[in-house]
Amino acid sequence: MAIHLDHNATTPCLPEVWDAMRPWAVEAWANPASTHGAGRAARRALEDSREEIASLLGAWPDEVVFTSGATEANAMALAGIRPGDLVAASDLEHPSIRENMTLAESRGARVNRLPRADRGIINPRDWAALCPEAPNLQVATLAGHETGAVQDMAALIDATRRRFGDAGAWHIDATQAVGKIPVDFHRLEVSTLSFSAHKFFGPKGVGALLVRRGVSLPPLFVGGGQQRGRRSGTEAVYLAVGMAKALRMAVDGMVDRQIACTQLREGFLAGIAPCKPWEILGPLAGGLNHVLLIAFSGVRSDMALMALDLEGISCSAGAACSSGSSLPSPALALIGLPEEHRKSVIRFSLGPFLNPDEVSMAGSAVAKIIARLRGPHA
Ligand code: PMP
């Protein structure tokens, strides 16, 4: 059996998406900045993709800045933090945010981090209490890549607005949310929002930052001044086309995909049921239904991952999905998991196109492996 239960790390590019991209890579490959006919055709495809993405996410086309992915989009959103600024954040964030926070601190910014978030959910009262004065920037992840927790952004924004009178600047990492739950940029009332196409069955190497009209950010690098000077460099038309296609499919198929994932989740949980004790660490309801962050007491996740890999089951530890690191993620402390259990956490992230029987079988295989690793006396 070979089964990918690591959809939060990445998803395959769907054949329909690939088909939509191919002509713009192989045939109509002109530079979209060229003024000749071929260039103008490429420009049109690029701008059509921008419009499609904007309309699917409740933004204006001129608010969409194509990037190489969410890492770049997050860096772009945080590049404006200045020495002395006060930033509200949490350790629930992906390293592409956390590392930028550390960098900002080393340059003299103050970063106040949330001390606790049960099941990965930020309590609006705790959030509003985080800063003694109005922060210059607040940063949150709409849907957690580890826990699957979905934040109630309206409540968080409202909490700080009530305390400080003005919500101030907000950056939202929506990388695990876009394409899976409805995301409406203008309704969220945030300044910037990042995402990456490969999390919703699009190509790798492309993402975007939505930048609300009137928000000014320093560019990460300068050059030809493409994308209104926000992101210099020749735009990858075929990747933008692929991202637009993948997002259109994700939004059109969202409800079906959610239903499929709910059924897969039930089948998987039934499969692992025999190897109790285990505990779901993320939200029990209301989170991303395809994400299961589970602590298997008495089992080292690195050993479990190796054994699961040998069985063809791909998943990840409750650690950063970025660098192959086996260090427990700081998010595990934030959700209140005692230190002795932090190396026993595995994240399974299902995908709507998986075969339900195979997912149930994978659940049973996980149960057997966990029982084996615990040994006969467990
Ligand atoms: N933010 C979150 C929440 C993520 O899950 C990821 C990818 N794991 C990223 C940002 C970074 O995305 P990319 O690697 O595509 O730049």
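Under numbering that gives the first Met the number 0, the residues of the sequence shown are numbered 0 to 377, in order. Backbone N, C-alpha and C define an ideal beta-carbon position, used for all residues, glycine too.
Proximity winner among the options, relative to residue i (alpha-carbon distances)
i      : options                        : result
Ser105 : Asp84, Ala154, Gln175, Ser343  : Asp84
Gln262 : Glu357, Pro217, Asp301         : Glu357
Pro123 : Gln150, Gln257, Phe220         : Gln150
Pro273 : His35, Asp251, Ser359          : Ser359
Ala44  : Glu338, Ala249, Ala243, Pro217 : Ala243
Glu46  : Gly107, Leu238, Cys130, Pro11  : Leu238
Val16  : Pro202, His340, Ala37          : Pro202
His340 : Ser348, Pro351, Leu326         : Leu326
Val214 : Ala69, Cys260, Val63           : Val63
Ile156 : Glu132, Leu187, Asp183, Val177 : Leu187
Ala196 : Gln225, Arg247, His170         : Arg247
Proximity test, residue i beta-carbon vs the ligand PMP heavy atom, cut-off 6 angstroms
i      : result
Thr174 : yes
Gly68  : yes
His144 : yes
Ser313 : no
Ser95  : yes
Ser296 : no
Ser195 : yes
Outcome for residue i when other beta-carbon atoms lying within 10 angstroms are tallied against a minimum of 16
i      : result
Met378 : Here the chain comprises residues numbered 0 to 377, so residue 378 is not present and cannot be evaluated.
Phe65  : buried
Asp172 : buried
Arg256 : buried
Gly222 : exposed
Ala207 : buried
Val110 : buried
Pro174 : Checking the sequence, you will find Thr at residue 174 rather than Pro. Buried, by the Cβ-count rule.
Lys275 : exposed
Arg39  : exposed
Ala227 : This sequence places Arg at residue 227; Ala is not what is there. Exposed is the call here.
Ala284 : exposed
Length of the line joining the Cα atoms of residue i and residue j
i      : j      : result
Leu4   : Gly119 : 21 angstroms
Cys320 : Leu292 : The predicted model places Cys320 with a pLDDT of 45, which falls under 50 and marks its position as unreliable; any figure quoted below should be read in that light. Their backbone Cα atoms lie some 13 angstroms apart in a straight line.
Ala128 : Val86  : 13 angstroms
Ile368 : Leu307 : 7 angstroms
Ser34  : Ser67  : Here the sequence assigns Thr to residue 34, which means Ser is not the residue at that position. So the alpha carbons of these two residues sit roughly 24 angstroms apart.
Ala269 : Ile334 : 25 angstroms
Val210 : Thr140 : 16 angstroms
Pro11  : Ala370 : 31 angstroms
Ala74  : Arg97  : 10 angstroms
Ser193 : His93  : 12 angstroms
Arg161 : Ala249 : 35 angstroms
Leu336 : Ala37  : 57 angstroms
Leu91  : Pro375 : 36 angstroms
3 or more residues per run - each beta strand (DSSP E) lying fully within the segment 121-151
Every beta strand (DSSP E) stretch that sits fully inside the segment 121-151 and reaches 3 residues is listed by chain position as 136-140.
4 or more residues per run - each alpha helix (DSSP H) lying fully within the segment 174-231:
The qualifying runs are 184-187.
Fully enclosed by the segment 1-54, which alpha helix (DSSP H) runs are 4 residues long or longer?
List check, alpha helix (DSSP H) in window: 14-25.
Quick one: which unbroken alpha helix (DSSP H) runs of 4-plus residues sit fully inside the segment 293-319? Chain order, please.
Segments of the alpha helix (DSSP H) lying fully in the segment 293-319: 300-309.
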